[in-house]
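According to my numbering, the stretch in the sequence shown is residues 30 to 182, in order. Glycine included, every Cβ here is placed at the ideal spot set by N, Cα and C. No experiment lies behind these values; they were computed from the predicted model shown.
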Amino acid sequence: MSTTRYAAAAALVLALTGCGGGAGGLLGGIGGIGGSVQSCYTGTNVQLASPTAFQTGVPANIGQITLVADGNSNALYSSYNQWNVVLQTNFGQQITGGPLNLVPFSSGPHPFPSDYYYASSVPALNPGTTYNVLLEQNNGSNCTAVPINSFST
């Protein structure tokens, strides 16, 4: 293999391993390359609990977004009050919710062996709108919010 091919293969490996991702809130990213901002690191799996992923007809006055996370031995649990939900529309509108709080939710979904629920307060939403839910660290960290999922009012 020529030197050029080795360089191209190495660049591809770096690009694939360096991309921070948050597919469904799965761990968040762990690094960026070349000055890119890394994804905020939750240290665990996170899903929408209320509303649920892709739910439609959610009341515009829902008041809070609830997330469920796997376990309590992770970065999210140890600093949950330094995180908040961000709602983004396809039209560029962004709504930042309040800091996360631990909440009881015995009737909520139980996707993990050890479920911990967190809620972020949100103002009234626009009816007939799809919101992408992201989880953002608000402690001055320079990281990209982790995408969780979406729902529609």
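CB of residue i within 8 Å of CB of residue j, strictly
i      : j      : result
LEU96  : PHE180 : no
TYR145 : ASN101 : yes
ALA98  : PRO156 : no
THR168 : SER108 : Per the sequence shown, the amino acid found at residue 168 is Asn instead of Thr. Cβ distance < 8 Å, so ASN168 and SER108 count as in contact.
ASN103 : THR125 : no
TRP112 : PRO138 : no
TYR171 : VAL66  : Position check: residue 171 holds Asn in this sequence, whereas Tyr was assumed. The answer is yes: Cβ separation under 8 Å.
Where the alpha helix (DSSP H) containing residue i begins and where it ends
i      : result
LEU105 : 104-107
Per DSSP, the bridge partner or partners of residue i
i      : result
LEU163 : VAL115, PRO176
TYR145 : ALA98
LEU131 : TYR147
SER181 : THR159
GLN21  : Since the first and last residues shown for the chain are 30 and 182, residue 21 lies out of range.
SER68  : THR173
Inter-residue spacing [alpha-carbon to alpha-carbon] between residue i and residue j
i      : j      : result
ALA174 : LEU105 : 13 Å
GLY50  : SER68  : Because GLY50 sits at a pLDDT of 34, beneath the cut-off of 50, its placement in the model cannot be relied upon, and the point is left open.
THR81  : VAL75  : 12 Å
ASN130 : PHE83  : 23 Å
ILE59  : PHE134 : Confidence at ILE59 is low in this model, with a pLDDT of 39, below 50, so its placement is unreliable and no value can be given for it.
PHE141 : THR71  : 15 Å
GLN123 : PRO176 : 13 Å
Opening and closing residue of the beta strand (DSSP E) in which residue i lies
i      : result
GLN122 : Note, GLN122: premise wrong, no beta strand (DSSP E); not H, not E.
GLN76  : 75-79
Distance cut-off 7 Å: residue i Cβ against heavy atoms of the ligand MG
i      : result
ASP144 : Absence of the ligand MG from the depicted structure is noted, as is the absence of any ligand whatsoever, leaving it without description.
Pair every Cβ in the stretch 154-171 with every Cβ in the stretch 107-125, then say whether three or more of these pairs are closer than 8 Å. Touching, per the Cβ criterion.
At least 3 beta-carbon pairs within less than 8 Å: the stretch 80-94 vs the stretch 140-154: Yes, the stretch 80-94 touches the stretch 140-154.
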